[in-house]
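Read the structure below first, then the notes.
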């Protein structure tokens, strides 16, 4: 097993070092994806890459979105022999100090599984974001045929097994923006990848920058769930048969 981190960066260059500084103790490769940043943010990224020898930067020529950036990192990871990729956002909202080692250990114990963050929010969570998450989680559960089994479908704090993710990248179009986290989760569930959810504390800092664009990203998310709904119905007989088979096996045990 070879683990590594991936941090997609867009407009959060100023918080990147604070995230990277909590990860260097694990002595693992850190892939930073510069998602078409302006020069000021590029300067922050370059400074981090120069300071920490285990940081590799992949640069998109223009802003392509979080999903595109992570997929590109997965292809790079597959090429150089990395087997598990820990996706962490650059904005510093996730409590990496308290949970990072636990997530890495869980991945080592269950190498076939996706280790997926389940956010524990404090009072800083905007009410609009909370409502949007409820909507997205409901659609994620519906399209994955996993009612009551997905506590959060949009968290960007996850460890992916690279091989199944890479296979999806080769055969499917994946949303490049805010629909990405839900889509890749659903597609991995469709492909029978086990999912383990672990709690991570999340804080929205005062004055923090958000890359969410109401019109653009709501359109992306809507189209993503529309495509996933079609994909779910096309797979429904097989997915349902698999569920029934597992239920019978569990009853026998």
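In the numbering used here, the protein residues as written are 5 to 257.
The beta-carbon is built from N, C-alpha and C at its ideal position, and this holds for glycine as well.
The model shown is predicted, which means the values in this text are computed figures rather than measured ones.
Asked                                                                                                                                                                      : Found
Apart from the five residues just before and just after residue 72, which ones in its own chain have a Cβ nearer than 6 Å to its Cβ?                                       : 180
If we count the other Cβ atoms within 10 Å of its Cβ and call it buried at 16 or more, is residue 311 buried or exposed?                                                   : Nothing about residue 311 can be reported from this structure: the residues present for the chain run from 5 to 257 only.
By DSSP, does residue 176 sit in helix, in strand, or in coil?                                                                                                             : coil
CB-CB under 6 Å to residue 149, same chain, minus the five flanking residues each way: which ones, in chain order?                                                         : 243
Suppose the cutoff is 6 Å on Cβ atoms and the five residues either side in sequence are ignored; what does the same chain contact list for residue 199 look like?          : 118 and 120
Below 8 Å on the Cβ atoms is my contact criterion, and I expect residue 155 with residue 122 to pass it. Report the Cβ-Cβ distance as a whole number of Å.                 : 5 Å
Which runs of the alpha helix (DSSP H) fall wholly inside the region 12-56 and span at least 4 residues, in chain order?                                                   : 17-24 and 43-55
Assess, as a yes-or-no matter, whether the region 49-56 is touched by the region 102-113 under the definition of 3 or more beta carbon pairs within less than 8 Å.         : no
Should the region 137-144 be called in touch with the region 166-180, which here means at least 3 C-beta pairs below 8 Å?                                                  : no
Could you give the C-beta distance for residue 3 and residue 66, rounded to a whole number, given that I count them as a contact under 8 Å?                                : Nothing can be reported for residue 3: it is not among the residues displayed for the chain, which extend from 5 to 257.
I'd like to check one pair, residue 45 with residue 69: are the Cβ atoms closer than 8 Å?                                                                                  : no
Determine the DSSP secondary structure at residue 235, reduced to helix, strand or coil.                                                                                   : helix
Measuring CA to CA, which of 90, 98 and 194 is closest to residue 241?                                                                                                     : 194
One question on the structure: do residue 100 and residue 23 come within less than 8 Å of each other, judged by their Cβ atoms?                                            : yes
For residue 80, collect the residues of the same chain with a Cβ closer than 7 Å to its Cβ; drop the 5 residues on either side in sequence, then sort them by chain order. : 35 and 62
When the Cα of residue 161 is compared with those of 196, 98, 126 and 169, which residue comes out closest?                                                                : 98
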